[in-house]
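Step one of this worksheet: look at the structure below.
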Amino acid sequence: MKKKLSFFIFISIVTILFIGYFFLEKKVYTQSAAIFLFVLAVVQVFLLQYFLKNQLKNNIVKTNLKLRINELKQDIKNSDKISDHKSIHMANMSYEIRTPLSTVIGMLNMLKQTELNTDQKAQVEIADYSSQHLLQLVNMVTDNADVAAGDLKLNLLAIDLKSDLSQLFKVFEYQAWEKGLEFEYKFLSKEKDNFLVLGDSRRIQQVLINLISNAIKFTNTGKISIIVDETIGIDDEQIITFYIKDTGIGIKPREIKRIFNDSKDDYNTSMMKDYRGGGVGLSISYKLVKLMGSELNLESKENEGSTFYFSLQLKKTLNIQSKEEGVAPIMFNKFNVLVAEDNRMNQKVIKFLLERQGADCTFAKNGLEAVELYKILDFDMIFMDIYMPDMDGYEATRIIKETQKYKADKTPIIAVSASAFEEDINNVKLAGIDDFLAKPIEVIKLKELIAKYSKRKDTPPPIF
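Final position of the sequence shown in numbering that gives the first Met the number 0 is 463; the numbers increase by one with none missing.
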């Protein structure tokens, strides 16, 4: 528009100059020149009015667009704040649940070591599996939140699926039993096979937890069947297929197409009301299976049941796992451990677990006490709770690492926390802490850490 107006003004000026020239040369009459100039002036006024009107309209549109853009930017900021608040709330809730839960599981483990009759053993076992179920739910919520946020990472390790999944399936067996359902799980494999596979056990279990939880939720009578088929191997790779079958309400054909969309659209409102929530984590499971190089499939008939299945192609690796079991302590010589833990019940739990591994424990109720005890006593390892009053584990670790004693000894420091998000683990690494131990404490993980870091103490300490 500006270019057109400029061109018209240029033409008008040239026209006026020509009229002036012809008027001076007396080639046009005064009346004719005046009429022509009047017409030209009127045309210019109308065009200028048209231009200014459009210019004003464009300015209003631009102003409105800028206002809308600013509003959208503010909405995005508000959404980010809400998302951050939700993440913080979830992290706090996870921590608050894990802390007492770690005590419950620890105490149940202690109770198992006492003399119990048959009925008491059964009661403790049910309580233990119920606690594991609650821990499973906490892990499911936090893990699903990580995936929904796009934090998708695979941690490939040598895993024994039968060993890892048997415990998981046992927890679900009790859930199905409480609902009056049959529950069975099978591992199909060739007897001659004796190898592990490289995979992400945590992500595989996350998918199975989501799918089996839904199978139990949406099945009122009948049976839940889990099959892990490891019979097909191709050279140095193993194809493992997982089947999760139920005799539940099934899924309508028109809903199967959108079953893996956002979880809030998975099922209708009446289903969510009847079953206390729709299908949990189906879209999450779909993303995870896809991340692992496969596809989650579904076959379902309304009022007859559903079957979810997926296959993973994992590399084989040597079975280097130790078959030694039992509760024999790892350390036979005196092994001094400093434990910074503010929760008294958790102190009892970790004391019980560490003493069974041959450790002699000294406790600090906060980071300040941990620093002072480290300065005056000798320790072979430190277990440092991250979140404590007065001084947290990060600050205590920083002060300890600045001491001349630490610079000479390099005492291993293990972070311990019920908050086991990826962010927490990354913060532990950034703080220079040697390793991370999540609550509730797994005995196998604890033994691995003691065996790993006690090697630093094989040589005599330096003389000061």
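Cβ coordinates follow ideal geometry from the N, Cα and C atoms, glycine included.
Would you identify the three-state DSSP class for residue i, choosing helix, strand or coil?
i	result
GLU354	helix
LYS222	strand
TYR386	coil
GLN312	strand
LYS456	Here LYS456 scores only 46 on pLDDT, less than 50, and its place in the model should not be relied on; the value that follows carries that caveat. LYS456: helix per DSSP, three-state reduction.
ASP434	strand
LYS364	coil
ALA157	strand
ASN296	strand
SER188	strand
GLU236	strand
ASN116	coil
MET291	coil
Would you mind giving the Cβ-Cβ distance between residue i and residue j, rounded to the nearest angstrom? I have them listed as a contact below 8 angstroms.
i	j	result
LYS178	ILE215	6 angstroms
ARG201	ASN154	7 angstroms
SER310	ILE238	6 angstroms
THR14	LEU39	6 angstroms
PRO411	TYR386	Incorrect: roughly 20 angstroms between the Cβ atoms, too far for contact.
GLY198	ILE158	5 angstroms
GLN119	VAL170	That pair is no contact at about 20 angstroms.
PHE7	LEU55	About 19 angstroms; that fails the 8 angstroms criterion.
ILE225	ILE248	Contact doesn't hold; Cβ gap of about 19 angstroms is too wide.
ILE349	ILE440	7 angstroms
Given a cut-off of 8 angstroms, decide if residue j and residue i are closer than it, judged by their beta-carbon atoms.
i	j	result
GLU340	PHE362	yes
ASN345	SER101	yes
LEU295	PHE307	yes
ILE413	ASP389	no
GLN112	GLU236	no
VAL336	ASP379	yes
LYS374	LYS404	yes
LEU115	VAL123	yes
LEU287	VAL206	yes
VAL415	LYS438	yes
ILE250	GLU301	yes
PHE182	TRP176	yes
What does the Cβ neighbour count give for residue i, buried or exposed, with the cut at 16 atoms within 10 Å?
i	result
ASN213	buried
VAL42	exposed
GLN356	buried
GLN166	exposed
LEU156	exposed
THR218	buried
ILE462	Residue placement at ILE462 is poorly supported in this model, since its pLDDT is 36, which falls under 50; the coordinates still yield a value, given next. When all chains shown are included, ILE462 counts as exposed.
SER299	buried
SER5	exposed
LYS65	exposed
THR62	exposed
THR246	buried
PHE241	buried
Please determine, among the options, the residue with the shortest C-alpha to C-alpha distance to residue i.
i	options	result
GLN174	ILE125, SER162 and GLN205	ILE125
GLU421	ASP408, LEU436 and PRO411	LEU436
PHE194	LEU376, SER162, ILE381 and ILE18	SER162
LYS189	VAL206, GLN204 and VAL227	VAL227
LEU187	LEU160, ILE68 and GLY221	LEU160
PRO252	SER305, LEU367, ASP234 and TYR285	SER305
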